[in-house]
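Take -14 as the starting number for the sequence shown in the working numbering and just add one per residue.
Here a beta-carbon is modelled for each residue, glycine too, at the ideal position from N, C-alpha and C.
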Amino acid sequence: MTWLTWETYDSFFFRGNNNFDASSQFEAEAVFPPRPGTFYGAIRTAVMEQEDALEAFLQETDESLKQRIGSPTTHGSFRIRAVLLEHEETLYVPVPLDVQVIRTDAGYRGYPLTLHTVEPESGQSDGSAYRLLASHAVKSQSAQGKWMPFEQLIKGDYSQIVDLTFFVSKEEKTGIAIDEESHTVREGFLYQAVRSRLRPTVRIVTLCDGLETYPTTVRLGNVGTVWYGKERQISAFSKQKEQIRQHLNGQKQARIYALMPGLGTTDEYLIEASGRGELIGGWDMVKRRPKPRAQIRPAGTTRWITLQDTEAQLEQFWFTHHSETDEVGYGLTCLLPITPIEKGSFEQ
């Protein structure tokens, strides 16, 4: 697998998958970082442009090209595994959603929720035998949309949590629609959008697989902003995996953690911590229309599991995909340790 970092010197806009119908005034929803499909399509397009192979791609006449980047209806060997963020060469990942996030004068700080067993007589409506409880009785922030260094996640240190303003600044833009025939303003077509700009030393990071070489420039976003890419070595993952293996030694439970949205079916688990679902869509190249939208679990979703074969379960969930969608790039997981279960009734 190959890590690629991407940066641009222009402002950009990645549209979400909300309805975008013509109206007298409309505020477009922006997402950041972009969905995996955005990078998947951009890199495939860049490969086609480099090889002047658009027609060969559409007609499926170049077998080598088809094996690498697929066709309008199939996938090739190329895959997007993850879309993450980087600041000063520090890799950032979504904060797990089983963490209580508290805002302080110094910024955000997180505290892991603790797993409690529920007494049978407590009468929980969902029939679950477990609950995740916060350790601090103060007003909390949503963990969804927050980020933290991956190294700190492995250590269980939630003292360096940031939100998206750490990575991008916002620039409000207002746009109008132009009639293609008269070249005048189309009455009643006014759009508002918030464009973003990367802060210094911030890059988007993609984990890719399946190509020997990757394009160094791609066009991304709704206005085709040029992004510049280069390969980067992030070699600590084998070391971090070994740290996790040591942490899990002798433990009875662990957490499946989703670095990407779209965590799908896994083996039986004790409890899940998730958040508001995310809409994903895309463009169908064959039908030339938007793909049906689907709602998926957000990044940061966690599931608490019982450890039965630590080595086998670590291999099963360490940077592997367990996705609820067929789209490329969703459901990437790793395995994290947890604190021991605290017994006691939910009311206590």
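Cβ-based burial, residue i [other Cβ within 10 Å; buried from 16]
{"i": "G314", "result": "buried"}
{"i": "L39", "result": "exposed"}
{"i": "Q218", "result": "exposed"}
{"i": "M340", "result": "The shown model of the chain, from -14 to 333, leaves out residue 340, and the question about it has no answer."}
{"i": "R240", "result": "buried"}
{"i": "I161", "result": "exposed"}
{"i": "G95", "result": "buried"}
{"i": "A284", "result": "buried"}
{"i": "P246", "result": "buried"}
{"i": "G209", "result": "exposed"}
C-alpha gap between residue i and residue j, whole angstroms
{"i": "N207", "j": "R274", "result": "16 angstroms"}
{"i": "I265", "j": "G214", "result": "25 angstroms"}
{"i": "Q145", "j": "T286", "result": "19 angstroms"}
{"i": "Q301", "j": "K224", "result": "17 angstroms"}
{"i": "C193", "j": "W132", "result": "21 angstroms"}
{"i": "V123", "j": "R278", "result": "37 angstroms"}
{"i": "W(-12)", "j": "T305", "result": "15 angstroms"}
{"i": "A128", "j": "D37", "result": "45 angstroms"}
{"i": "L82", "j": "G260", "result": "7 angstroms"}
{"i": "R338", "j": "W303", "result": "Any answer about residue 338 is impossible in this case: the structure gives the chain only from -14 up to 333."}
Bounding residues of the beta strand (DSSP E) (the contiguous stretch that carries residue i)
{"i": "A119", "result": "Neither: A119 is in no beta strand (DSSP E) and is coded neither H nor E."}
{"i": "K215", "result": "210 to 217"}
{"i": "R204", "result": "202 to 205"}
{"i": "S(-4)", "result": "Per DSSP, S(-4) belongs to no beta strand (DSSP E) and is neither H nor E."}
{"i": "G160", "result": "153 to 163"}
{"i": "I189", "result": "187 to 194"}
Contacts around residue i, its chain only, beta-carbon distance under 6 angstroms, and the 5 residues preceding and following it disregarded
{"i": "E157", "result": "V179"}
{"i": "E257", "result": "R288"}
{"i": "V147", "result": "W132"}
Own chain partners of residue i with C-beta closer than 7 angstroms, once the 5 adjacent residues on each side are dropped
{"i": "P18", "result": "V68, L70, I189"}
{"i": "V75", "result": "Contrary to the premise, residue 75 reads as Thr rather than Val in this sequence. Within the same chain, T75 has close Cβ partners P134."}
{"i": "K155", "result": "V179, S181"}
{"i": "R171", "result": "A162, I163, D164"}
{"i": "I139", "result": "Q225, Q228, I229"}
Own chain residues within Cβ distance below 8 angstroms of residue i, not counting five before or after
{"i": "P322", "result": "G141, I229, H232, L233, Q236, A239, R240"}
Closer than 7 angstroms: residue i CB and nearest the ligand GTP heavy atom
{"i": "L50", "result": "Absent from the structure shown: the ligand GTP. Ligands present: none."}
Extent of the continuous alpha helix (DSSP H) run through residue i
{"i": "Q129", "result": "Where Q129 is concerned, there is no enclosing alpha helix (DSSP H), given that its DSSP letter is neither H nor E."}
{"i": "P21", "result": "21 to 35"}
{"i": "T295", "result": "295 to 302"}
Original post:
Does the segment 82 to 92 come within contact of the segment 45 to 57, defined as at least 3 CB pairs closer than 8 angstroms?
Top reply: no
Subject >> Three CB pairs or more closer than 8 angstroms across the segment 195 to 209 and the segment 16 to 34 >> reply: yes
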